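J.: In full-length UniProt numbering, the protein residues as written are 1 to 579.
Note that the Cβ used here is the ideal one computed from N, Cα and C, for glycine as well.
Since the model is a prediction, treat every value here as computed from it, not as a measurement.
Could you have a look at this structure, given as structure tokens, before my questions?
This is how it looks when you write it as structure tokens:
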């Protein structure tokens, strides 16, 4: 038997597992990903990428590649309802781009999972820290004093894999979760579903009938756009209690379902695939068992309404990776890992509940309790969900409260209120830099970042805090207006790079680490940086500062200084569970 030692084993090669491997590799962690499928998905499955996930893809330098593989926002970020796609009662409502897009340097996008996985796999395999095995099945695992020992079987034989931690991203029927005896909590399945992927030329449909998703009532089904060319999907259901089964969906039955949904009896159609699945809403009772962590559908399953499931799982991976890296590198206490469940499980539960609310609107329409007009108004309103995907905040020992209250919008699902309150995602603010316009989010990477007003005096104390803690830290000063070149662009320091005699001054800067941060085009931004409003938007006075975690969430905020190495050191140590 072959043997292999890695720091983290990721089980599952879908988007969540691939993103976990990418983020771990960006932190310099050796990772092995195993996936039982021989290749990436051939079925579109998830298609919607929320704004927050698009921000991560931007940070990895692949936003533009994903957008080339997906569908135009202006045409397809819409929802429709009607008897069929060509029926006279069909109505459509598009996303409010002008309302929501300014909250981020990017925005929600549609890219089918089969295409997204190819891009993510390519990025994962490009990292020297990551090894990717498709066509490999984990057949057993056991916890040991040093972590986990797993047996992985593939065509060339078995391999004994020893790792410190295991991330289970192996889907809603997670064998890892079941093996650990962790229950999944939620209502009974909402429906037994069939997805029919087909190819057809629907170019005759006018723009006001093009939508990412259309809910149809005659017969009850949904039509999804897979690309903006020829691939589409019809989702319909069957009832096992009435004798229905996937076997009922012969090619003839699938052709009839597609033509009825479009409303064109003789439409030329090619059936590309048929996939049965369960519509569910559930959350695992625990997200961790010792050295094993659940992520994505293994931890929570949302209904497809809203497109939250894959995205929530990717946020799991982003939250977990930096914590595993900090513990593995000895800069954090083991207790930091307890904050993964404390932070992510409440967010997952809320996300699953909101997806269930979306599904209930669909059921009401299909069963005639809502008119077409009422249905489109409610569906369209629920398509705008920046409050849910951007506005969530964490509450754990990895966040140091500053005593301020969280925003309380009237509609927390739809409305996002930017805030740099500890626990929340660092707000997007446009800055002017040497390369033109960059976002505050473009300054963040796989390390802690300290943002402070220019002249507040934080670079020296930050360098000292980095030396004391051994934590990699980027300090960025942002000016309120154009000033002389002595304003720092960015100062990056680690304990190994700094001595007491050579603390960097505001005139010095050092290169960013490989792997980020990057703009959408894959470039590392350079300063000086200028914004007349950013400090106010971050709740900072002239001497204030905000410490941002590697996952882009605010860890600590000092509203108005003074700059203090001692205060910053204490904050870092508390966030990393070192005290």
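1. Rounded to whole angstroms, what's the CA-CA distance from residue 569 to residue 309? Just pull it up for me.
2. Excluding the 5 residues flanking residue 532 on each side, which residues of the same chain have their C-beta closer than 7 Å to its C-beta?
3. From residue 4 to residue 158, what distance separates their C-alpha atoms?
4. With distance defined between alpha-carbon atoms, name the residue in 416, 126 and 82 nearest to residue 371.
5. Report back the beta-carbon spacing between residue 31 and residue 6 to the nearest angstrom; my notes put them in contact at under 8 Å.
6. Specify the secondary structure class of residue 15 as computed by DSSP and reduced to three states.
7. Just how far apart, CA to CA, sit residue 429 and residue 552?
8. Rounded to whole angstroms, what's the CA-CA distance from residue 550 to residue 131? Just pull it up for me.
9. Is the beta carbon of residue 580 less than 9 Å from the beta carbon of residue 296?
10. Nearest to residue 364 by CA position, among 334, 231 and 220, is which residue?
11. Do you know offhand how far residue 40's Cα is from residue 107's?
12. Given a cut-off of 9 Å on the beta-carbon distance, is the pair residue 355 and residue 302 in contact?
13. CA-CA distance, residue 377 and residue 92?
14. Thinking C-alpha only, which one of 247, 284, 291 and 251 is nearest residue 276?
15. Can you tell me whether residue 107 is helix, strand or coil according to DSSP?
16. To the nearest angstrom, report how far apart residue 509 and residue 475 are at their CA atoms.
17. Give the single residue among 222, 142 and 19 whose Cα lies nearest to the Cα of residue 193.
18. Hey, how far is the Cα of residue 149 from the Cα of residue 12?
19. Would you call the CB atoms of residue 424 and residue 529 closer than 9 Å?
20. Please classify residue 414 as buried or exposed, where buried requires at least 16 neighbouring CB atoms within 10 angstroms.
21. Using a Cβ-Cβ cut-off of 7 Å (strictly less than) and excluding sequence neighbours within five positions of residue 240, which residues of its own chain qualify?
22. How big is the Cα-Cα spacing for residue 120 and residue 279?
23. Anyone know if the C-beta pair for residue 190 and residue 284 falls short of 9 Å?
24. Rounded to whole angstroms, what's the CA-CA distance from residue 441 to residue 319? Just pull it up for me.
25. Bridge partners of residue 238, per DSSP?
26. Cα-Cα, which of 64, 60 and 80 is closest to residue 373?
27. Do residue 444 and residue 397 have their beta-carbon atoms positioned less than 9 Å apart in this structure?
28. I'd like the list of long-range same chain contacts for residue 353, defined as Cβ closer than 8 Å, with 5 residues on each side in sequence excluded.
29. Report the rounded CA-to-CA distance for residue 511 versus residue 525, giving the unit in angstroms.
30. With H, G and I counted as helix, E and B as strand and the rest as coil, what does DSSP make of residue 538?
31. Out of 109, 545, 264 and 56, state which residue places its alpha-carbon closest to the alpha-carbon of residue 68.
32. Within a Cβ cutoff of 8 Å, which residues of the same chain sit near residue 42, ignoring the five residues on either side of it in sequence?
33. With distances taken Cα to Cα, identify the nearest neighbour of residue 139 among 400, 122, 175 and 1.
34. Do you know how far the Cα of residue 452 is from the Cα of residue 505?
35. Assuming residue 160 is part of the beta strand (DSSP E), what are its boundary residues?
36. Starting from the C-beta of residue 289, find all residues in its chain whose C-beta is less than 7 Å away, skip the five residues before and the five after it, and write them out in chain order.
T.: Reading it off the structure:
1. Here the question's residue 569 lines up with position 569 in the chain shown. Here the question's residue 309 lines up with position 309 in the chain shown. Roughly 37 Å between the two C-alpha positions.
2. One-based indexing of the chain shown puts residue 532 at position 532. Counting only Cβ-Cβ distances below 7 Å, and skipping sequence neighbours, we find 480 and 481.
3. On the chain shown, position 4 is the one that residue 4 refers to. On the chain shown, position 158 is the one that residue 158 refers to. Answer to the nearest angstrom: the Cα atoms are 11 Å apart.
4. Your numbering for residue 371 matches position 371 in the chain shown. When only C-alpha atoms are compared, the closest one is 82.
5. Indexing the chain shown from 1 puts residue 31 at position 31. Indexing the chain shown from 1 puts residue 6 at position 6. Rounded to whole angstroms, the Cβ separation of residue 31 and residue 6 is 6 Å, and the two are in contact under 8 Å.
6. As a working mapping, residue 15 is identified with position 15 in the chain shown. If DSSP states are grouped into helix, strand and coil, residue 15 belongs with the helices.
7. Start at 1 with the first residue of the chain shown, and residue 429 comes out as number 429. Start at 1 with the first residue of the chain shown, and residue 552 comes out as number 552. The straight-line gap from Cα to Cα measures roughly 13 Å.
8. On the chain shown, position 550 is the one that residue 550 refers to. On the chain shown, position 131 is the one that residue 131 refers to. Answer to the nearest angstrom: the Cα atoms are 23 Å apart.
9. This structure leaves residue 580 out entirely; the chain is present only between 1 and 579.
10. By one-based count along the chain shown, residue 364 stands at place 364. Checking every option, the nearest Cα to that of residue 364 belongs to 220.
11. Numbered from its first residue, the chain shown carries residue 40 at position 40. Numbered from its first residue, the chain shown carries residue 107 at position 107. Going by the C-alpha atoms only, they are around 25 Å apart.
12. Residue 355 sits at position 355 when you count from the first residue of the chain shown. Residue 302 sits at position 302 when you count from the first residue of the chain shown. Yes; because the gap between Cβ atoms is below 9 Å, this pair is in contact.
13. Stepping through the chain shown from its first residue, residue 377 is reached at position 377. Stepping through the chain shown from its first residue, residue 92 is reached at position 92. Distance between the alpha carbons of residue 377 and residue 92: 9 Å.
14. Sequence index remark: in the chain shown, residue 276 carries index 276 (1-based). In this structure, 247 is the residue among 247, 284, 291 and 251 with its C-alpha nearest to the C-alpha of residue 276.
15. What you label residue 107 is simply residue 107 of the chain shown in a count that begins at 1. Residue state for residue 107 is assigned as coil, using DSSP reduced to three classes.
16. As a position in the chain shown, residue 509 is number 509, starting the count at 1. As a position in the chain shown, residue 475 is number 475, starting the count at 1. Note that residue 509 scores a pLDDT of 29, beneath 50, so its modelled location is shaky and nothing firm can be said.
17. Locating residue 193 in the chain shown gives position 193, where the first residue counts as 1. Nearest option by C-alpha distance: 222.
18. In the chain shown, residue 149 corresponds to position 149, counting from 1. In the chain shown, residue 12 corresponds to position 12, counting from 1. Taking the Cα positions, residue 149 is about 17 Å away from residue 12.
19. As a first step, residue 424 is located in the chain shown; it is residue number 424 there, counting from the start. As a first step, residue 529 is located in the chain shown; it is residue number 529 there, counting from the start. In this structure, residue 529 does not lie closer than 9 Å to residue 424 by Cβ.
20. In the chain shown, residue 414 corresponds to position 414, counting from 1. Buried, since its Cβ has 16 or more Cβ neighbours within 10 Å.
21. Within the chain shown, residue 240 is the residue found at index 240, counting from 1. Closer than 7 Å at Cβ, skipping near neighbours: 192.
22. Locating residue 120 in the chain shown gives position 120, where the first residue counts as 1. Locating residue 279 in the chain shown gives position 279, where the first residue counts as 1. One C-alpha to the other measures close to 26 Å.
23. Position 190 of the chain shown, counting from 1, holds the residue named residue 190. Position 284 of the chain shown, counting from 1, holds the residue named residue 284. No.
24. Sequence index remark: in the chain shown, residue 441 carries index 441 (1-based). Sequence index remark: in the chain shown, residue 319 carries index 319 (1-based). Each residue's Cα considered, the two are about 16 Å apart.
25. Taking the first residue of the chain shown as 1, we reach residue 238 at position 238. The secondary-structure analysis by DSSP pairs residue 238 across a beta bridge with 192.
26. For the purposes of this step, residue 373 is taken as residue 373 along the chain shown, with counting starting at 1. Among 64, 60 and 80, the Cα nearest to that of residue 373 is on 80.
27. On the chain shown, position 397 is the one that residue 397 refers to. On the chain shown, position 444 is the one that residue 444 refers to. With respect to residue 444, residue 397 sits apart: the two C-beta atoms are not nearer than 9 Å.
28. As a first step, residue 353 must be located in the chain shown, where it is residue number 353. Excluding sequence neighbours, residue 353 sits near 281.
29. As a first step, residue 511 is located in the chain shown; it is residue number 511 there, counting from the start. As a first step, residue 525 is located in the chain shown; it is residue number 525 there, counting from the start. Residue placement at residue 511 is flagged as unreliable, the pLDDT there being 28, under the threshold of 50; a coordinate-derived value is accordingly withheld.
30. Mapped onto the chain shown, residue 538 falls at position 538. In this structure, residue 538 counts as coil in the three-state DSSP scheme.
31. Your numbering for residue 68 matches position 68 in the chain shown. If we check each option's Cα against that of residue 68, 109 comes out closest.
32. Here residue 42 corresponds to residue number 42 of the chain shown, with the count starting at 1. 114 and 273.
33. For this step, residue 139 is matched to residue 139 along the chain shown. Taking residue 139 as reference, the option from 400, 122, 175 and 1 with the minimal CA-CA separation is 175.
34. Counting from one through the chain shown, the residue named residue 505 turns up at place 505. Counting from one through the chain shown, the residue named residue 452 turns up at place 452. For residue 505, the predicted structure reports a pLDDT of 32, less than 50, and the residue's modelled location is therefore unreliable. A value from the coordinates is still provided. Their Cα atoms are separated by approximately 14 Å.
35. Here residue 160 corresponds to residue number 160 of the chain shown, with the count starting at 1. 157-163 is the extent of the beta strand (DSSP E) around residue 160.
36. Along the chain shown, read from residue 1 onward, the residue named residue 289 stands at position 289. 180 and 182, listed in sequence order.
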